[in-house]
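Student: Got a structure for you, written out below as structure tokens; questions coming shortly.
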Amino acid sequence: MIVSEHPGRWNRRFVVRLSDGALVESVLYRGDTLCVSCQVGCAVRCPFCASGANGLGRSLSLDELEAQVEEIASVVARERGPALRGVTVSGIGEPLHNHDAVSAFVDRCRARGLRVTLTTSGGPLRRLREWLRERPHQGLTISVHAGAEATRARAVPHGPDLASLFAVLGEELPALGRARRKRTALAYLLLDGVNDSDAEIDAFVARAAPLGAPRGVMVHLYAHNPVETSAMRGVDRARYEAVYARMVAAGLTVRMSAQARIEANGGCGTLVALRR
Ligand code: SF4
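Heads up, our numbering is the position in the sequence shown plus 62, with the first residue counted as 1.
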């Protein structure tokens, strides 16, 4: 049940109460794409992200996942706004840690004609293989945020290490059809003093570039949103653009953060879960 609503310039953030009293958040991007939460908190505990600051409470059920779509779609329909066109499982939680419910949810969304995308930190790797190979989706983004193992361990502390993650990607991506490979992307969130050095970027490029040869794999280069639970900060615009240019010059196809992702209201890493 929706308990409050917070409009912003690009995003509309909804606080949703679950049956046991826990609270999660869902965000309507640009009026037609809903970002849903799949867990109360997150066990991956990325230190820049408010969603995992208190660890994992529990996973959401299929009904709880669907309720986010149904309730917010009804609000939009009552206002005669544009109909929902897509859903992204990129809110609070790690989708692959709630694999069964998320898989069924994706199937139901697709049956309703909604485009579905997901964001994952990559583990468990056997689940990542399933999503890469055969699970239906319109976009799978794998959060990397590092070129060196020590940085990965700091930025994504309970995700798979880089060697294991890129071994799976190296095995799976070349075997995918072109369309499916184009729907797979890597994410790199720039953090000041953590993963923004030239050496770190070059190490990331060295891992990523062979995956999508000859044109390079798609990379989403994310700007960081400051959150109260973290002392980590993003880089300034000049450094952000310099990193973008460095990745492009090295042969990667890179997209910068959309405005919706860098809005304090519901942007990347800002969503908060409260346990019962
Ligand atoms: S960024 Fe994603 S995987 Fe990391 S703690 Fe936040 S919700 Fe979890």
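Backbone N, C-alpha and C fix where the C-beta goes; we use that ideal spot for every residue, glycine too.
(1) Pull up the DSSP beta-bridge partners for Gln101, would you.
(2) Where are the beta strand (DSSP E) runs, 3 residues long or more, that stay fully inside the region 238 to 291, in chain order?
(3) Buried or exposed for Glu67, please, with buried defined as at least 16 other CB atoms from any protein chain shown within 10 angstroms of its CB.
(4) For Cys97, verify whether its CB is less than 8 Å away from any heavy atom of the ligand SF4.
(5) Are at least three pairs of beta-carbons, each pair with one atom in the region 111 to 127 and one in the region 289 to 304, less than 8 Å apart?
(6) Quick check: is any heavy atom of the ligand SF4 less than 8 Å from the C-beta of Val106?
(7) Tell me whether Glu87 sits in a helix, a strand or coil according to DSSP, three-state version.
(8) Going by beta carbon distance, what residues of the same chain come within less than 8 Å of Leu187, once the five residues before and after it are set aside?
(9) Should Gly155 be counted as a contact of the ligand FAD given a C-beta to heavy atom distance under 8 Å?
(10) Do Cys97 and Thr182 count as a contact pair if the criterion is CB distance below 9 Å?
(11) Check each candidate in Gly331, Ala217, Pro288 and Pro198 and name the one with the smallest Cα separation from Thr246.
(12) Using the rule of at least 16 other Cβ atoms within 10 Å of the residue's Cβ for burial, across every protein chain shown, is Glu141 buried or exposed?
(13) Between Glu192 and Asp298, what straight-line distance do the alpha-carbon atoms span, to the nearest angstrom?
(14) Who are the near neighbours of Leu333 in its chain, counting only those whose CB is closer than 6 Å to its CB and skipping five residues on each side?
(15) If distances are taken between C-alpha atoms only, which option among Gly184, Ser123, Arg308 and Asp258 comes closest to Ala105?
(16) Any heavy atom of the ligand SF4 within a distance shorter than 8 Å of the CB on Cys171?
(17) Does DSSP put Val334 in a helix, a strand or coil?
(18) Let's test the definition: count the other Cβ atoms within 10 Å of the Cβ of Met318 and tell me whether it reaches 16, buried, or not, exposed.
(19) Among Gly255, Arg243, Arg301 and Leu122, which has the Cα closest to the Cα of Leu202?
(20) Look at Gly70 and Glu325 and say whether their C-beta atoms are less than 9 Å apart.
(21) Pairs of beta-carbons, one from the region 130 to 147 and one from the region 156 to 166, closer than 8 Å: are there three or more?
Tutor: Put simply:
(1) Against the sequence shown, residue 101 aligns to sequence position 39. The partner list for Gln101 (beta bridge, DSSP) reads Ser121.
(2) If one requires a minimum length of 3 residues, the beta strand (DSSP E) runs lying completely within the region 238 to 291 are 246 to 251 and 280 to 284, in chain order.
(3) Numbered from its first residue, the sequence shown carries residue 67 at position 5. Glu67 is exposed by the Cβ-count criterion.
(4) Here residue 97 is taken as the residue at index 35 of the sequence shown, counted from 1. Proximity of the beta carbon of Cys97 to the ligand SF4 is not indicated: no heavy atom of the ligand is located closer than 8 Å.
(5) Yes, the region 111 to 127 touches the region 289 to 304.
(6) What you label residue 106 is simply residue 44 of the sequence shown in a count that begins at 1. Between the ligand SF4 and the CB of Val106, the shortest heavy atom gap is smaller than 8 Å.
(7) Along the sequence shown, read from residue 1 onward, the residue named residue 87 stands at position 25. Per DSSP, reduced to three states, the secondary structure at Glu87 is strand.
(8) Looking up residue 187 in the sequence shown gives position 125. In the same chain as Leu187, and ignoring 5 residues on each side of it, the C-beta atoms closer than 8 Å to its own belong to Pro222, Ser226, Leu227 and Val230, in chain order.
(9) Ligands in the displayed structure: the ligand SF4; the ligand FAD is not one of them.
(10) Indexing the sequence shown from 1 puts residue 182 at position 120. Indexing the sequence shown from 1 puts residue 97 at position 35. Not in contact: Thr182 and Cys97 (Cβ atoms no closer than 9 Å).
(11) Counting from one through the sequence shown, the residue named residue 246 turns up at place 184. Restricting attention to Gly331, Ala217, Pro288 and Pro198, the CA atom closest to the CA of Thr246 is found in Pro198.
(12) As a first step, residue 141 must be located in the sequence shown, where it is residue number 79. Glu141 is exposed by the Cβ-count criterion.
(13) Translated into the one-based positions of the sequence shown, residue 192 becomes position 130. Translated into the one-based positions of the sequence shown, residue 298 becomes position 236. Their Cα atoms are separated by approximately 37 Å.
(14) Start at 1 with the first residue of the sequence shown, and residue 333 comes out as number 271. Take Leu333, set aside five residues on each side of it, and the residues of its chain with a beta-carbon closer than 6 Å to its own are Glu87, Ser113, Gly153 and Ile154, in chain order.
(15) The residue you call residue 105 lines up with position 43 of the sequence shown. In this structure, Gly184 is the residue among Gly184, Ser123, Arg308 and Asp258 with its C-alpha nearest to the C-alpha of Ala105.
(16) Taking the first residue of the sequence shown as position 1, residue 171 is located at position 109. Checking every heavy atom of the ligand SF4 against the Cβ of Cys171, none is found closer than 8 Å.
(17) The residue labelled residue 334 in the question sits at position 272 within the sequence shown. The answer is coil: DSSP assigns Val334 none of H, G, I, E or B.
(18) In the sequence shown, residue 318 corresponds to position 256, counting from 1. Under this definition Met318 is an exposed residue.
(19) Within the sequence shown, numbered from 1, the residue matching residue 202 stands at position 140. When each option's Cα is compared against that of Leu202, the closest is Arg243.
(20) Walking along the sequence shown from the start, residue 70 turns up at place 8. Walking along the sequence shown from the start, residue 325 turns up at place 263. When the beta-carbon positions are compared, Gly70 and Glu325 come within less than 9 Å of each other.
(21) Counting C-beta pairs with one atom in each stretch, the region 130 to 147 and the region 156 to 166 have fewer than three that are closer than 8 Å, which means they do not touch.
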